[in-house]
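FYI, in mature numbering (1 follows the signal peptide of the UniProt record, and there is no 0) the residues of the sequence shown are -27 to -1, 1 to 805.
Backbone N, C-alpha and C define an ideal beta-carbon position, used for all residues, glycine too.
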Amino acid sequence: MNTMGETCAPLLAVLLCLAAMLRNASSLQPNEKVETGVQKLKSLYIAAVFPMKGHGGWLGGQGCLPAALMALEDVNQRSDLLIGYKLEIDWRDSQCNPGLAATVMYDLLYNEPQKLMLLGGCSIVCSTVAEAAKMWNLVVISYGSSSPALSNRKRFPTFFRTHPSATIHNPTRIKLFQKFSWSRIAIIQEAEEVFISTGEDLEARCKEAHIEIVTRQSFLTDPTDAVKNLVRQDARIIVGMFYVAAARRVFCEAYKQNVYGKQYVWLLIGWYEDGWYTVQDKGHNCTTEQMKEALEGHFTTEALMLNQGNQETISGMSSQQFLERYERALAEQNGGLQGYKPEGHQEAPLAYDAIWAIALALNKTINTLREYSMSIEDFTYTNRKIADEIWSAMNATQFLGVSGFVAFSAKGDRMAWTLIEQMIDGNYVKIGYFDTQTDNLTILNQEKWADGKPPQDRTIIVRVHRKVSLSLFAGMCAVAFIGVVWAVGLLIFNWIFRHSRYIQLSHPMCNNIMLIGIILCLVCVCLLGLDGQFVSEFRYAHICQARSWFLAIGFTLSFGAMFSKIWRVHRLTTKSKSESKGLSFQRVESWKLYGMVGGLVLVDAVILSAWQLVDPMQRHLEVFPLELPALSDEDVRIEPALEHCESRNHAIWLGVMYSYKGLLLIFGIFLAYETRSVKIKQLNDSRLVGMSIYNVVVLCLITAPVTLVIGSQQDATFAFVALAIIFCSFLSMALIFVPKIIELVRRPRERADVRSLMDTITSKEEEERHQRLLAENEDLKKQIAEKEEQIQVLNQKLQERQRLAHQTALPASGERLGDTGQVGTVLPVHYV
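Take a look at the structure:
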């Protein structure tokens, strides 16, 4: 009995105390919680870091701290939250500096009072704080961290955030790229972990969506080189990821490099404060107007940081009411200055909801611990049980906040919608939303383009093949056709008069071989002009082979025939030097001439066959620098391209062919020079053949190097080579055949057939000896004629004297004189 009384007494005392508390609470407002004399509220401390001052990085603590203090006030006034407790914040300025933040964190944790959770700010600070917090079993929640790296649960197992991950922008960006048909983008980023990891995520998503990333540029402080590289890579659609201070430097440089305007689209982070580009700092030297000009038309993507509806949130306020209250708090903080918007004011709803998330998680933890007869006050940095309960409570937290519906993914990331805005006339205009959970893009069709349409994602390269002028091609082919007709006519002429003595003396079979070679060369003129406007890419390789065969064989037949004829003359003249000076004939069989030409053709066939089998010529495109189109279109550039016939070792094969042909030309001109003074009636065209060889050699020596120099000019190259071939062909036919035609027309008797003609001729020395004898005979005849005249004169004088003597002398004596007075001469027989 006593025992029961002793047991009930404390319970009764507790009931009395509770009754007193209820009576006191009945006189309070439902959402107010105050300390009473019966029960003093216990403080639950949260360690917090806010980036307030510093250089570079995100200094959003200026706008987020007032919102966090507002939330702290609202939470502590709620009677249904943290019963018996009040929430307090012990905060420090991290300056968005991870080194300073580490020092501040140790100071907060190792100094009283005990902290239950950590509240973080910018990404680089949270990367340090959250990674170390697991050592103290502390849950970390951030209002301003967007780094995708913080989603790594292995590295940051106790991290949560009300600020969506920066990767939430990337699905939105992909949707925008697809919406506006952009498949080629560039990335420029500040060398910070948050932006590096975001860029890696964007790169992976682009790869899945088959979007090309033409370049990814990073910079530490000076973006000059990075922006220049964007220009070099012809980047048009550019994703920029950097803090606001770096953003000002980037766009100042973009203005200087002219990387803005109707040809470019920039996509930036949307959490910069309004008017961020108007701030003048030491990082750039551009005016506000210049910055505004460079930024006109850019897009921003940001997670929705303010509830778009007007419904009441967990705090009892709508989002609009929150904004009005927040702006009043900022004005009071700044001496009544209205419209003041510090850096981070856009993230203020996130900081406000972060405090509410902490309060709800701790409230749930308190209730859960009661079931285990434990208290939140029992928490220590080594108490894993309570830390796990806090983590579980935070992970399950869901509520409607002023920033929207707050919930966390398995990685601790905030799930939210994305807002898309565009700067139009210096103001940000909402153009759409993207729901990552439903993969739904909503476009309001408010976007504005300088040209009335989205710009191209690249310079459109229009490849234009440089082709031989059609009129030039037709003209050269017409002249070549005339040459072919003429050559065929000469072949017929040679056949008709093949038994004529005059034609026989010029060796008509060699002339026929030369004409066949000329025909092949003239046909090659047309082949040289065939390009992409006439044949397909597949057939072009066949044209390449045909060109080489026709030109090489045609040259060898035509020049080889002339070479063999001049060699025949040279052979005959040199043989006679070692023989007697008496008149004789040196025989050179015709088959040797044909064998020489055949041998030259065989060499060509071997070289060309090896070339075609080992390293065949293919269609090769020579691409030239980009050119502006005739019509001024900034998105289009002309890329001229010229078709060539080339093989892998083209220079080597050309060297072999040129060396062989060059030796043939050298020997040909040597023989022509050696036989330049030969004048043999039986070789009636030897000098003309020599002249043809001179012309061919000279034109070949000019044409070969010139075509290598002007090879990139299709019309000039074709015209030069075609004219060289046509000129050589026409000149050779004219020199060798026109005199024959004229001779046969002037002397019809030369048309008489000569069925048997000895294939022997006199040498040069014999001809000269014959000419000397003829000249000597003529001189002797002249001398004889003179002597005859002198004798006649003497006879006349003698007769006159006899007549006079006859008149005066005696008849007897006159008769004797008459019998003995006659004078006569007797000439050698061979002088008559």
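Nearest C-alpha to M664 among K770, M590, M535: M535.
Annotated three-state conformation of V232 is coil, per DSSP. The beta-carbon separation of R209 and Y237, rounded to 6 Å, stays under the 8 Å limit for a contact. By the C-beta criterion, the stretch 632 to 639 is judged not to be in contact with the stretch 595 to 611, since fewer than 3 inter-stretch pairs fall below 8 Å.
Counting only the Cα atoms, L524 lies some 10 Å from I492. Listed in chain order, the non-local C-beta contacts of W64 below 6 Å within the same chain comprise A21, F23, local neighbours out to five positions each way being set aside. Leaving aside the five residues that flank T680 on each side, the residues in its chain whose CB is nearer than 7 Å to its CB run, in chain order, T690, F693, V694.
M396 counts as buried, since no fewer than 16 other beta carbons sit within 10 angstroms of its beta carbon. DSSP places A20 in the uninterrupted beta strand (DSSP E) bounded by 15 to 23. Here A74 has V22, S67, V98, T101, V102 as same chain residues with Cβ atoms under 7 Å from its own Cβ, once five neighbours each way along the sequence are excluded. Taken atom to atom, the span from the alpha-carbon of C494 to that of A514 is near 19 Å. A straight-line Cα-Cα distance of about 28 Å links G117 and D53.
In this structure the stretch 389 to 409 touches the stretch 135 to 142; the number of beta carbon pairs closer than 8 Å is three or more. Here P322 really is in contact with F295; their C-beta atoms are around 7 Å apart, less than 8 Å.
The stretch 497 to 505 makes contact with the stretch 439 to 455, as at least three CB pairs between them are under 8 Å. Boundaries of the alpha helix (DSSP H) around V694: 687 to 719.
Taking the Cα of V629 as reference, the smallest distance to any Cα among P598, T194, A583 is reached at A583. Pairing T261 with Q253, the inter-Cα distance amounts to about 8 Å. The beta carbons of Y313 and A267 sit about 26 Å from each other, so the pair does not count as a contact at 8 Å.
Less than 8 Å separates the beta-carbon of L92 from that of I114. Counting other Cβ atoms within 10 Å of its Cβ, Y245 reaches 16 or more and is therefore classed as buried. Taking one beta carbon from each stretch, the stretch 606 to 620 and the stretch 427 to 440 have 3 or more pairs nearer than 8 Å; the two touch. Judged by pairs of C-beta atoms under 8 Å, the stretch 699 to 716 touches the stretch 455 to 464, as three or more such pairs exist. Apart from the 5 residues on each side of it in sequence, N622 sits with its Cβ closer than 7 Å to the Cβ of D588 in its chain, given in chain order. The DSSP-derived three-state label of Y406 is strand. F597 counts as exposed, since fewer than 16 other beta carbons sit within 10 angstroms of its beta carbon. The continuous beta strand (DSSP E) containing Q190 extends over residues 185 to 192. A369 and I359 have their C-alpha atoms some 15 Å from each other. Going by beta carbons, M214 and I242 fall inside the 8 Å limit. Spatial neighbours of F133 in its own chain (CB-CB distance under 6 Å, excluding positions within 5 residues in sequence) are listed in chain order as I114, M367, F381, G385. Here the C-alpha atom of I455 lies approximately 15 Å from the C-alpha atom of G490.
Going by C-alpha positions, E305 is about 47 Å away from T188.
Taking the Cα positions, I393 is about 34 Å away from I62.
Residue Q518 holds the alpha-carbon nearest to the alpha-carbon of S620 among G684, Q518, I666. In this structure, C701 places its C-beta atom within 8 Å of the C-beta atom of L672. CA-CA distance, F643 to I539, rounds to 10 Å.
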